[in-house]
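Each remark here refers to the structure printed beneath this line.
Number of protein chains: 2
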Amino acid sequence: MNALLTTSAEENYLKAIFKIAEKEPGVVLTNALAAEMGTSAASATDMLKRLSDKQLVAYEKYRGVTLSETGNRLATALIRKHRLWEVFLVDKLGFAWDEVHDFAEQLEHIQGETLTERLDNFLGHPRFDPHGDPIPDAQGKWMRRTQTRLLTLSPGQRGIVTGVDDHSPTFLQYLAELGLSLGAELEVLERTAYDQSAKVRIGERETVLSEKVGQNLFVRII
Amino acid sequence: MNALLTTSAEENYLKAIFKIAEKEPGVVLTNALAAEMGTSAASATDMLKRLSDKQLVAYEKYRGVTLSETGNRLATALIRKHRLWEVFLVDKLGFAWDEVHDFAEQLEHIQGETLTERLDNFLGHPRFDPHGDPIPDAQGKWMRRTQTRLLTLSPGQRGIVTGVDDHSPTFLQYLAELGLSLGAELEVLERTAYDQSAKVRIGERETVLSEKVGQNLFVRII
DNA sequence: ATTTATTTTTAGACAAGACTAAAATGTTTT
DNA sequence: AAAACATTTTAGTCTTGTCTAAAAATAAAT
Ligand SMILES: [Mn+2]
Ligand SMILES: [Mn+2]
Ligand SMILES: [Mn+2]
Ligand SMILES: [Mn+2]
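Residue numbers (my numbering), protein chains in the order written: chain A, 1 to 222; chain B, 223 to 444.
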């Protein structure tokens with residue numbers, strides 16, 4: 001169909017816009033974009049003009065930006081590639097879930113439709129990445145799913161770990177040490193009203209998890 | 223140890239210098255480098271200055287260039303990565319040997335020592351890529367091997383296909399159609415003095431191969 | 001040993017992507 | 001409604017990597 005040449009930088013910005021709009025639906029502001037990208041607001045403005053020229057975003061000065069249909073398609077494809085590569089790194093190469101993001105950040109920019117689809121096939125068409133995030137299919141369709149923050153569980157309720165909201169290596173490593181990988185089961189035993197910390201049972205072990213952990217850990221209630 | 227930041231462009235030039243010097247040992251001239259890279263001589267000169275500043279090459283104006291110890295190490299590591307990824311693409315993703323070069327050209331630039339070594343491990347430490355080219359080990363050591371061009375075989379001699387000198391998709395596809403993949407056995411039945419073409423037997427089939435094919439196909443005599 | 005031809009380098013331009021500092025616009029407060 | 005504050009854009013600069021055209025150096029030919 002059309003070639004649609006995009007640079008890695010453009011792709012990263014598109015993905016950043018997508019991610020911000022995912023959390024906070026609506027228009028994305030320049031400062032938020034610059035913060036997400038770790039660049040200056042001036043650089044973000046420069047890029048927004050470029051993306052607007054290429055019709056990848058709808059951008060109005062001082063008002064903010066949204067992805068165009070094409071921009072959304074590209075961002076989705078990029079996320080698909082990122083997450084498929086993460087699955088590869090964990091499932092096939094044996095990396096831990098806290099080690100793969102930076103590699104995937106590079107691998108997501110490898111060009112070639114057929115590569116992505118063959119990789120997807122090789123991996124058995126996974127629908128979630130190692131952090132529990134959904135992988136859109138080749139048509140860009142997303143899998144919808146009900147997740148609850150651990151924080152909302154009351155004593156007596158049990159859940160299966162389905163994802164994280166904080167992807168930082170330190171958090172991921174901490175969870176791994178606690179035995180809280182994807183699919184792990186846990187039960188809330190007590191909740192302290194004062195600081196929202198919770199005593200939980202993970203297998204045989206009992207631990208106290210802070211509000212911060214409760215906020216950043218997603219479970220499916222069982 | 224040391225970080226040694228290099229861009230993809232620098233890496234590609236280093237690899238090009240390595241490849242030219244591999245065929246034609248000695249100093250590499252600017253025009254040859256530009257031709258290999260598909261750029262102008264002016265661009266090659268610019269890059270040579272940059273590589274020289276970074277101590278990756280020994281460069282003397284108008285005289286030519288050679289890789290430094292560090293430059294050689296980087297070029298070798300790049301070739302290692304390129305060929306490991308090619309093995310991955312063929313062995314794991316099921317691509318044909320004529321389809322993988324462009325992908326590997328991108329994948330070779332993915333940064334991260336551990337990734338390369340885990341990939342190598344996942345692939346079972348292959349010593350040759352899908353085209354029969356040797357893969358240097360993690361220390362940069364090359365496997366030496368005796369190969370003969372099919373052209374030098376006399377009638378009655380048999381050989382096993384071990385590699386190609388021409389890596390173009392058209393040649394690789396042609397070989398595949400003939401059943402001449404790596405490891406295939408063939409026997410030279412006749413050779414025409416006039417044009418050096420050869421009648422060969424491949425399994426049950428008999429075919430005539432031109433001098434050009436004889437020149438570009440490597441075998442191990444058995 | 002000049003002239004001629006080839007190779008290589010320099011000079012000047014350009015695009016992408018980043019920066020800082022200053023100007024402009026938008027939003028809140030008083 | 002002004003003033004103060006926050007956000008965003010513009011202006012000017014830098015680096016990388018490319019180009020073309022012109023100048024300089026080297027090599028070949030007469
Ligand atoms: Mn990730
Ligand atoms: Mn990226
Ligand atoms: Mn390359
Ligand atoms: Mn190869």
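All C-beta atoms in this analysis are idealised placements derived from N, C-alpha and C, irrespective of residue type, glycine included.
About 6 Å separates the beta carbons of Val87 (chain A) and Pro130 (chain A), which is inside the 8 Å limit, making them a contact pair.
Its Cα nearest to that of Pro169 (chain A), the residue A:Phe95 stands out among A:Leu51, A:Arg191, A:Phe95. Around the Cβ of Lys61 (chain A), a 10 Å sphere holds fewer than 16 other Cβ atoms; the residue is exposed.
For the pair Thr207 (chain A) and Gln147 (chain A), the Cα-to-Cα distance works out to about 22 Å.
Residue side-chain check: Arg83 (chain A) places its Cβ nearer than 8 Å to a non-hydrogen atom of ligand 1.
In the structure shown, Tyr235 (chain B) adopts helical secondary structure according to DSSP, grouped into three states. Within the segment 86–110 of chain A, the residues whose Cβ lies closer than 9 Å to any Cβ of chain B are, in chain order, Leu89, Lys92, Leu93, Gly94, Phe95, Glu99, Asp102, Phe103, Gln106, Leu107, His109, Ile110.
Partner residues in the beta bridge of Thr429 (chain B), as assigned by DSSP, are B:Val422.
The segment 111–124 of chain A makes no contact with the segment 182–189 of chain A; the number of CB pairs closer than 8 Å stays below 3. Rounded to whole angstroms, the Cβ separation of Gly293 (chain B) and Leu273 (chain B) is 7 Å, and the two are in contact under 8 Å. No residue range can be given for Val27 (chain A), since it is assigned to no beta strand (DSSP E) and is classified by DSSP as neither H nor E.
In this structure, Thr298 (chain B) keeps its C-beta atom at 9 Å or more from the C-beta atom of Ala243 (chain B). The residue among A:Asn12, A:Tyr194, A:Gly140, A:Ser210 with its C-alpha nearest the C-alpha of Ala34 (chain A) is A:Asn12.
Residue state for Gly163 (chain A) is assigned as strand, using DSSP reduced to three classes. Counting only runs that start and end inside the segment 314–346 of chain B, the alpha helix (DSSP H) elements of at least 4 residues fall at 323–329, 335–344. Only buried fits Tyr59 (chain A), as 16 or more other CB atoms lie within 10 angstroms of its CB. Among the bridge pairs identified by DSSP, Leu217 (chain A) is matched with A:Val164. Going by DSSP, Gly38 (chain A) is part of no alpha helix (DSSP H) at all; its letter is neither H nor E.
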